[in-house]
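Residue numbers (UniProt numbering): 1 to 553.
Right, one structure below, let's go through it.
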Amino acid sequence: MFTRKRLTVALGATLLAGSLGFYSFRNDDRFFEIARNLDIYATLFKELNLYYVDELNPNRMVKSSIDAMLKSLDPYTNFFAEDEIEDYMTMTTGRYNGIGALIGSRQGRSIVMMIYEGTPAEKSGLRIGDEILKIDGVDIKTRREADSDKLLRGQTNTAVKLTVKRFGSNAPIDLNVTRDVVKMTNVPYYGMITNEVGYIDLKDFTGTASREVRNAFTELKGKGMKKLVLDVRENPGGLLNMAIDIANIWLPRESEIVTTKGKVTEWNKTYTALNPPLDLEMPIVVLTNSRSASAAEIVSGVIQDYDRGVLVGQLTYGKGLVQTTRELSYNTKLKITTAKYYIPSGRCIQAIDYSHRNPDGSVGKIPDSLKTAFKTKAGRTVYDGGGVTPDVPVEPSTPAPIALSLTNRGLIFDYAVKYRHEHPTIKPAREFHLTDTEYQDFVTWLKDKEYDYTTQVEKELGTLEASAKKEKSFDQIQDQLKALRTKLSHSKEVDLATFKGELKTLLEQEIVGHYYLQKGMKEASFATDPEVKAALDLFNDMNRYQSILKGKP
1 MFTRKRLTVA
11 LGATLLAGSL
21 GFYSFRNDDR
31 FFEIARNLDI
41 YATLFKELNL
51 YYVDELNPNR
61 MVKSSIDAML
71 KSLDPYTNFF
81 AEDEIEDYMT
91 MTTGRYNGIG
101 ALIGSRQGRS
111 IVMMIYEGTP
121 AEKSGLRIGD
131 EILKIDGVDI
141 KTRREADSDK
151 LLRGQTNTAV
161 KLTVKRFGSN
171 APIDLNVTRD
181 VVKMTNVPYY
191 GMITNEVGYI
201 DLKDFTGTAS
211 REVRNAFTEL
221 KGKGMKKLVL
231 DVRENPGGLL
241 NMAIDIANIW
251 LPRESEIVTT
261 KGKVTEWNKT
271 YTALNPPLDL
281 EMPIVVLTNS
291 RSASAAEIVS
301 GVIQDYDRGV
311 LVGQLTYGKG
321 LVQTTRELSY
331 NTKLKITTAK
341 YYIPSGRCIQ
351 AIDYSHRNPD
361 GSVGKIPDSL
371 KTAFKTKAGR
381 TVYDGGGVTP
391 DVPVEPSTPA
401 PIALSLTNRG
411 LIFDYAVKYR
421 HEHPTIKPAR
431 EFHLTDTEYQ
441 DFVTWLKDKE
451 YDYTTQVEKE
461 LGTLEASAKK
471 EKSFDQIQDQ
481 LKALRTKLSH
491 SKEVDLATFK
501 GELKTLLEQE
511 IVGHYYLQKG
521 MKEASFATDP
531 EVKAALDLFN
541 DMNRYQSILK
551 GKP
C-alpha cells in the first residue's frame with residue numbers, strides 16, 4: 001500500500017515479571033509523560049493480576065485496553081493481535097483458505113447465506129439456505145459463530161465434512177468439501193447493460209483490483225462497449241495504489257491523482273498516473289452512494305475533478321484519511337492513520353474531524369458553513385469536507401415497511417429457498433419474473449408467518465399521542481385519536497397488494513441469487529435500479545451529459 005519506512009524508536013518498554021524498564025528516551029516533557037503513564041499502566045496491571053478476585057486473561061485484558069485507547073482516536077486505527085493476522089491478510093489481499101461460503105446466524109441456526117462462484121462450496125453441491133449442523137463431526141450449536149467460521153478455514157487441499165439440513169430433505173446430508181484458496185473478487189460482476197453501455201461493479205480495492213478492472217474494461221470494449229457505468233456503491237475502499245492505478249485507466253500518464261499530507265513530512269507525497277491509459281474519450285458515469293468510501297471516493301472524486309465523467313447517485317461517505325501498517329513485536333500489527341489525502345482540485349473530502357470531539361466524546365460532521373469551494377479542471381465548483389457530491393443526485397429509494405419487515409425477518413430469503421427446492425431450473429436472470437399466481441402462492445405462504453411492523457404514519461400518530469399526554473390534553477382528544485388509529489391501522493393483506501411490485505422485485509432478485517449467485521442478482525437488479533436507470537437516461541441524452549461536464553446542467 002505504501003513505502004514502509006523505519007521510524008527511530010525513541011522509547012523502549014520491556015515488561016519482565018511485572019517490572020517495566022525504560023531505555024534511552026529523550027529527556028523532554030512529552031516522553032516523560034509517556035514513560036510515566038506506561039509505568040502506571042504496568043504497575044496497575046501487576047496489581048490486578050496479583051489481587052483481583054478472579055483469574056484474568058492477560059491477552060484479552062491488554063487487547064481490550066488497546067482497543068479502547070485506539071477507539072478514542074478514529075475508527076480506522078486498529079491493532080491486530082497475532083491470532084487476527086489471518087483476518088488482516090484477508091482484508092488486504094481478499095484471499096483466504098476455506099470453502100467460499102458466507103454463513104449467517106438465524107435464530108440460533110447457522111445458515112448458508114451466499115456461495116461464491118467457482119469456490120469449493122459451489123463445487124461440492126452446498127446450497128444457499130442449507131443449515132450447517134456439524135463441521136467435521138463437531139455440533140456447531142455448541143460453538144460461537146466466530147469459532148464455526150474458523151472450523152471452515154484450513155490449509156489448501158485439506159478436506160472438511162459438513163453435515164447439513166436441506167429444505168425438503170428429512171435426513172441430514174453429508175458433504176465433503178476440499179478447501180482451497182478463495183479469492184474474493186474486487187469486480188464480482190461486469191457485463192453489457194445495453195448494446196452500447198457496459199457495466200463494471202467495483203466492490204473493493206485489494207491487491208488485484210486494478211488488474212480486474214482493466215481486464216473487465218478491455219473485454220467489454222471488445223464486445224462493443226461505447227459508454228461505461230462504473231459502480232462504486234457499497235465500496236468501503238482499500239489500497240491507495242489500487243485507486244491510483246484504476247483512475248489512471250481513464251486519465252493520461254503523469255496526471256496528478258492524489259496527495260497525502262501528515263505529521264511525518266517525509267512521508268508526504270503526490271502520486272501521479274504511471275501507466276498509459278486505456279481510454280481517454282469514452283463517456284463514463286460513476287455510481288456512488290453514502291457507503292462509497294476512501295479509495296472509492298478517490299476514484300470518483302478524481303474523475304469528477306478532471307471532468308472525465310459524471311457522478312450519479314448520493315453523497316459519498318467522506319473518508320479522507322490514509323492508513324499505513326506498522327509491524328509490532330510478537331507478530332502483531334498496527335494499522336494507523338498517518339495522513340489526509342487531497343484530490344487534484346485540492347480538496348480533502350474528510351467529513352468528520354476526530355481531533356475535535358464534543359464534551360461527551362462524540363464527533364460531528366463538518367458544517368456546510370466551514371466547507372471551502374474548489375474548481376474542477378473545467379471550472380466547475382466542488383466542495384471539501386463532506387464526501388464527494390454527485391453531479392446528478394438520485395434520491396435513495398425508501399423500502400415500504402412491509403418490505404423491510406419481510407426482509408429483516410428472513411421471509412424473502414426463506415421463500416426463495418422453498419422456491420429453489422420446488423423449481424430445479426428457471427429462466428436466465430434478466431428474463432426471470434414471478435407470475436401473479438406465484439406471487440399469490442407467496443401471499444398464501446405468509447399467512448402463518450409473523451412479520452408485524454409499524455408504518456411511518458402509525459409512528460407519527462404514536463408521537464402525537466405521547467405529546468398529547470405530556471400536555472394533559474389527551475383526555476379531550478383520545479376518542480378522535482382512537483378513531484384515527486383504527487382508520488390508519490395497516491392491513492397486511494392490503495399492503496401485500498399495494499406494494500406487490502416492490503415485493504415481487506425483492507423476491508425475484510433473491511430467487512435468482514439462489515440459482516445464479518451474485519452475478520444473477522446483479523443482472524436481475526438492472527431493470528429496477530434507480531441509479532442505473534438514471535445513468536442510462538443520461539447516456540440517452542449526450543447533450544445533457546456534456547453540459548454537466550461544462551458546468552451547465
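All residues carry an ideal CB built from backbone N, CA and C; glycine is no exception.
- Pairing LEU434 with GLU523 gives a Cβ-Cβ distance that is not under 7 Å.
- Around the beta carbon of TYR330, fewer than 16 other beta carbons sit within 10 angstroms, so the residue counts as exposed.
- Under a 10 Å Cβ-count criterion, PHE539 is classified as buried, with 16 or more other Cβ atoms of the shown protein chains found around its own Cβ.
- The beta carbon of MET184 is closer than 6 Å to those of GLY94 in its chain, skipping five residues each way along the sequence.
- A contact between stretches requires three or more CB pairs, one per stretch, nearer than 8 Å, and the segment 45–53 fails this requirement with the segment 302–315.
- Beta-bridge pairing by DSSP links LYS165 to GLU131.
- The beta carbons of ASP279 and TRP250 sit about 6 Å from each other, so the pair counts as a contact at 8 Å.
- Secondary structure note for VAL258: it is in no alpha helix (DSSP H), and the uninterrupted beta strand (DSSP E) holding it is 256–262.
- Relative to TYR545, the option among LEU311, PHE31, LEU102 and PRO367 whose CA is nearest is LEU311.
- Listed in chain order, the alpha helix (DSSP H) runs fully inside the segment 441–518 are 456–470, 474–488 and 492–498, counting runs of at least 4 residues.
- Beta-bridge analysis with DSSP links ARG109 to ARG106.
- Counting along the chain, GLU234 sits inside no beta strand (DSSP E), nor does DSSP assign it H or E at all.
- If you draw a 10 Å sphere on the C-beta of PHE32, you find fewer than 16 other C-beta atoms in it, and that means exposed.
- Nearest to ALA535 by alpha-carbon distance, out of SER473, ALA273, ALA159 and LYS227, is LYS227.
- For a cut-off of 8 Å, the C-beta gap from PHE79 to LEU70 is around 6 Å, short enough to register as a contact.
- According to DSSP, GLU327 shares a beta bridge with LYS333.
- For a cut-off of 8 Å, the C-beta gap from LYS333 to TYR88 is around 6 Å, short enough to register as a contact.
- Look at the beta carbons and you see the segment 332–346 touching the segment 250–268: at least three pairs across the two are nearer than 8 Å.
- The segment 199–214 makes contact with the segment 92–106; the number of CB pairs closer than 8 Å reaches 3 or more.
- Proximity to ASP436 across VAL181, GLY385 and LYS500 peaks at LYS500, based on C-alpha coordinates.
- By DSSP's assignment, THR381 forms a beta bridge with LYS375.
- Taking C-beta separations shorter than 6 Å and ignoring five residues to either side along the sequence, the partners of THR119 in its chain run GLY100 and VAL182, following chain order.
- Scanning its chain for C-beta atoms nearer than 7 Å, with the 5 sequence neighbours on each side dropped, one finds around ASP201 the residues VAL187, PRO188, TYR189, TYR190, ASP231 and LYS522, in chain order.
- Fewer than three Cβ pairs drawn from the segment 365–373 and the segment 288–299 lie within less than 8 Å of each other, which leaves the two stretches out of contact.
- In the pairwise beta carbon analysis, the segment 158–171 is classified as touching the segment 417–426: at least three pairs are separated by under 8 Å.
- The continuous alpha helix (DSSP H) containing MET61 extends over residues 58–71.
- Considering only PRO172, ASP149, TYR116 and GLN350, the residue with the shortest C-alpha distance to GLU131 is PRO172.
- With at least 16 other beta carbons inside 10 angstroms of its own, PRO401 counts as buried.
- In this structure, the CA atom of LEU411 is about 16 Å from the CA atom of GLY108.
- Remark: three or more beta-carbon pairs, one from each stretch, lie closer than 8 Å, so the segment 317–330 and the segment 291–300 are flagged as touching.
- Distances from the alpha-carbon of TYR451 to those of PHE442, PHE413 and ASN408 put ASN408 closest.
- By the CB criterion at 7 Å, TYR439 and LYS504 fall inside the cutoff.
- Beta-bridge partners of TYR190 (DSSP): ILE200.
- Following the DSSP letters along the chain, one finds ASN97 inside the beta strand (DSSP E) bounded by residues 95–98.
- Looking at the DSSP output, PRO393 bridges to GLY313.
- For LYS522, the secondary structure class from DSSP, reduced to helix, strand or coil, is helix.
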